[in-house]
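**Student:**
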Amino acid sequence: MQDIAFRGETDESSNFYQVVQLVSRHCSLLKYWLNEKRMHPYHVTYMSRCSQNEFIKLIGDAVRDRVVKKLEEAPAFSVMADTTPDVSNKDQMSIVVRYVADNTPVERLLSLTVLEDKSGDGHATEILRCLNEHGINVEKLYFQSYDFTACMSGEYNGCHKKLNDKIQKDFPEKEIPYIPCQAHRLNTFVERSCKASTIVSSMFTVLQLLYSFFSSSTKRSEALAKAQEIIEGALKLRNLSQTRWIARSESIDSVWISFECVVSLLQKIVNKELKSDTNTQDQAKALLKKMKKYDFIFSLGIMKFIMRHCKLLAVQLQEGLNLLDAISLVSTTTKSLEGIRNETDVNNQVKAAVEMARQVGCDPEQEFSKNHRKRMPPLRLDDRRENEAEVGFASFYRKEMFSVLDQLIADCRENWNRVFANIKPFSVLLPPWEEVNETSADSLCMLLGGSITSGNLLGELSILR
1 MQDIAFRGET DESSNFYQVV QLVSRHCSLL KYWLNEKRMH PYHVTYMSRC
51 SQNEFIKLIG DAVRDRVVKK LEEAPAFSVM ADTTPDVSNK DQMSIVVRYV
101 ADNTPVERLL SLTVLEDKSG DGHATEILRC LNEHGINVEK LYFQSYDFTA
151 CMSGEYNGCH KKLNDKIQKD FPEKEIPYIP CQAHRLNTFV ERSCKASTIV
201 SSMFTVLQLL YSFFSSSTKR SEALAKAQEI IEGALKLRNL SQTRWIARSE
251 SIDSVWISFE CVVSLLQKIV NKELKSDTNT QDQAKALLKK MKKYDFIFSL
301 GIMKFIMRHC KLLAVQLQEG LNLLDAISLV STTTKSLEGI RNETDVNNQV
351 KAAVEMARQV GCDPEQEFSK NHRKRMPPLR LDDRRENEAE VGFASFYRKE
401 MFSVLDQLIA DCRENWNRVF ANIKPFSVLL PPWEEVNETS ADSLCMLLGG
451 SITSGNLLGE LSILR
């Protein structure tokens, strides 16, 4: 196949057209039909764009009917939905169902429609309309999962709440738990934690300026690539993603690995060893000054460790995991971040950053005393201002690191507790199954809508022990 859509930019470049031409080489009847189109009424070949669109619709309907049939056979299913703007700037909403078929969890796209009402109620209405349109029994809907935007996760007007309200009109006793997308949640946690520290926010600004400086000129880009040839495992400078904060880990790694190389190249531009205009030299001088600051070096080293933990978790969360494994990973990562948050490790990071800063001609203590000199309050506000507490060098940077870690850890804990409250009955399925009793089995079976009895569940678990 040509790795393109069913229809291409032209009818002749489409997968459909090329496959038909390939088959015609081995099918004399099809070859005759295509070659002798002048003999057909109105020169019909069924190869036009209208015919191709009809084929696409027929194939799509057949696939959807198969998905709906599998859903009818499944005892329970969950629904997921998300929106994204297309090239025409219209919000396309994809509705995906997840169910078990032949003892295997599967996900299938059910619908792709343009969403007009972008509120929580609008999302819920469209999801319910799609399910009803295809004759899907909503009584078998037991879970819902979306990202954590306000319109989806709002406690009173979010999509999950509105969908519950609409379904409860027909099934008053039904409550559909909402499990937010954990990868999306982690991304928002990282964003909030990075913004908790001013020096970390400034560090990301410098990373973007570095990328823009080198990528805007092929000459500078080639000079950097040549300088990086002697560095093992060197990475290209990356553009900062405005939405996927987890991806910024790659930007940090690329500058960290090539730090001395980038500083050296900027110094050559400033010293006119690399031919460039005055404007370029001024930009290089400003970037060099920012990179040699201790705030930047310390933030780069600290965030390298924190972002690495978060990126590993994000990658795992996007793999084929069950919910319990995902929650376990989030819990383990949270404990790892808590392990980083101790004075010994932070002091070691401060010392390592000091040594690195001195290698590029920066005096961290002098820079700190200049930017954080003790400011005496007026006598009218404090008549004992000589007793004013002074923040030390190490204490300041400990506080900055702790502000990032505390925000990230607190968000992860809160999210873990909220999600775990919705799936607590499932926790009894984790080995060694010693806490499984009739009460916990009943709670789990009620959550699954009675698709399995507590007696059968206890019997199966007793065999697995």
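So for the sequence shown, UniProt numbering puts the first residue at 1; every next one is plus one.
In this text, a Cβ means the ideal position worked out from N, Cα and C, and glycines have one as well.
In this text, all values refer to a predicted model and were calculated from it rather than measured experimentally.
#1: Which residue spans inside the region 83 to 158 form an unbroken beta strand (DSSP E) run of at least 3?
#2: Any idea which residues DSSP pairs Ser78 with across the strands?
#3: Is Tyr46 helix, strand or coil by DSSP?
#4: I think Met303 touches Ile257, with their Cβ atoms under 8 angstroms apart; what is that distance to the nearest whole Å?
#5: Tell me which residues share the same chain as Met401 and place their Cβ nearer than 6 angstroms to its Cβ, disregarding the 5 neighbours each side in the sequence.
#6: Between Gly261 and Leu312, what straight-line distance do the alpha-carbon atoms span, to the nearest angstrom?
#7: Taking only the alpha-carbon atoms, compute the straight-line gap between His184 and Gly361 and give it to the nearest angstrom.
#8: Excluding sequence positions up to five away, which residues of its chain have a Cβ less than 8 angstroms from the Cβ of Val255?
#9: Locate the alpha helix (DSSP H) running through Met203, then write down its first and last residues.
#10: Leaving out five residues before and five after Gly120 in sequence, what residues of the same chain have Cβ atoms less than 6 angstroms from its Cβ?
#11: Under a Cβ-count criterion, where at least 16 other Cβ atoms within 10 Å of its own Cβ denotes burial, should His123 be classed as buried or exposed?
#12: Could you tell me whether the Cβ atoms of Thr332 and Cys412 are closer together than 8 angstroms?
#13: Just reading off the alpha helix (DSSP H) that Ala284 is part of, what are its end residues?
#14: Assuming Ile409 and Glu343 are in contact, meaning their beta carbons sit under 8 angstroms apart, how far apart are those beta carbons, in whole angstroms?
#15: Do Leu141 and Ile176 have their C-beta atoms closer together than 8 angstroms?
#16: Between the alpha carbons of Met1 and Gly60, how many angstroms are there, rounded?
#17: Which residues in the same chain have their Cβ closer than 8 angstroms to the Cβ of Met307, if we skip the five residues on either side of it in sequence?
#18: In terms of residue numbering, what span does the alpha helix (DSSP H) encompassing Met303 cover?
#19: Excluding five sequence neighbours on each side, which residues of the same chain lie with their C-beta closer than 8 angstroms to the C-beta of Asp442?
#20: Buried or exposed for Phe296, going by 16 or more other Cβ atoms inside 10 Å?
#21: Rounded to a whole number of angstroms, what is the C-alpha to C-alpha distance between Trp33 and Ala62?
#22: Under 8 angstroms between the Cβ atoms of Arg64 and Leu110?
**Tutor:** So, from the listed chains and residues:
#1: 91 to 101, 104 to 114, 141 to 145
#2: What you label residue 78 is simply residue 78 of the sequence shown in a count that begins at 1. Ser78 pairs with Arg98, Phe143.
#3: In the sequence shown, residue 46 corresponds to position 46, counting from 1. It is coil, neither helix nor strand.
#4: Locating residue 303 in the sequence shown gives position 303, where the first residue counts as 1. Locating residue 257 in the sequence shown gives position 257, where the first residue counts as 1. The pair is not a contact, with the Cβ atoms about 14 angstroms apart (cut-off 8 angstroms).
#5: The residue you call residue 401 lines up with position 401 of the sequence shown. Within the same chain, Met401 has close Cβ partners Ile302, Val346.
#6: Walking along the sequence shown from the start, residue 261 turns up at place 261. Walking along the sequence shown from the start, residue 312 turns up at place 312. First, the amino acid is wrong: residue 261 is Cys here, not Gly. Approximately 27 angstroms between the Cα atoms of the pair.
#7: Position 184 of the sequence shown, counting from 1, holds the residue named residue 184. Position 361 of the sequence shown, counting from 1, holds the residue named residue 361. Those two C-alpha atoms are separated by around 41 angstroms.
#8: Working through the sequence shown from its first residue, we reach residue 255 at position 255. If we look at Val255 and ignore the five residues flanking it on each side, its Cβ neighbours are Leu207, Leu210, Leu237, Val262, Leu300.
#9: Here residue 203 corresponds to residue number 203 of the sequence shown, with the count starting at 1. It spans 198 to 215 - the alpha helix (DSSP H) in which Met203 sits, taken as one unbroken run.
#10: Looking up residue 120 in the sequence shown gives position 120. Once the five neighbours on either side are set aside, the close Cβ partners of Gly120 are Cys151, Gly154, Asn157, Gly158, Cys159, Lys162.
#11: Against the sequence shown, residue 123 aligns to sequence position 123. It counts as buried.
#12: Looking up residue 332 in the sequence shown gives position 332. Looking up residue 412 in the sequence shown gives position 412. No.
#13: As a working mapping, residue 284 is identified with position 284 in the sequence shown. It spans 278 to 291 - the alpha helix (DSSP H) in which Ala284 sits, taken as one unbroken run.
#14: Taking the first residue of the sequence shown as position 1, residue 409 is located at position 409. Taking the first residue of the sequence shown as position 1, residue 343 is located at position 343. Ile409 to Glu343, Cβ: 16 angstroms. No contact.
#15: Indexing the sequence shown from 1 puts residue 141 at position 141. Indexing the sequence shown from 1 puts residue 176 at position 176. In this structure, Ile176 lies closer than 8 angstroms to Leu141 by Cβ.
#16: Indexing the sequence shown from 1 puts residue 1 at position 1. Indexing the sequence shown from 1 puts residue 60 at position 60. Annotation note: pLDDT 47 at Met1 (below 50); position unreliable, coordinate value reported separately. Approximately 19 angstroms, taken between the alpha carbons.
#17: As a first step, residue 307 must be located in the sequence shown, where it is residue number 307. Result list for Met307: Val190, Ile246, Arg248, Ser249, Ile252, in chain order.
#18: The residue you call residue 303 lines up with position 303 of the sequence shown. Its alpha helix (DSSP H) spans residues 294 to 317.
#19: Along the sequence shown, read from residue 1 onward, the residue named residue 442 stands at position 442. These residues qualify, in order along the chain: Ser454.
#20: The residue you call residue 296 lines up with position 296 of the sequence shown. Buried, by the Cβ-count rule.
#21: Mapped onto the sequence shown, residue 33 falls at position 33. Mapped onto the sequence shown, residue 62 falls at position 62. If I take the Cα positions, the gap works out to 26 angstroms.
#22: One-based indexing of the sequence shown puts residue 64 at position 64. One-based indexing of the sequence shown puts residue 110 at position 110. Closer than 8 angstroms, so yes.
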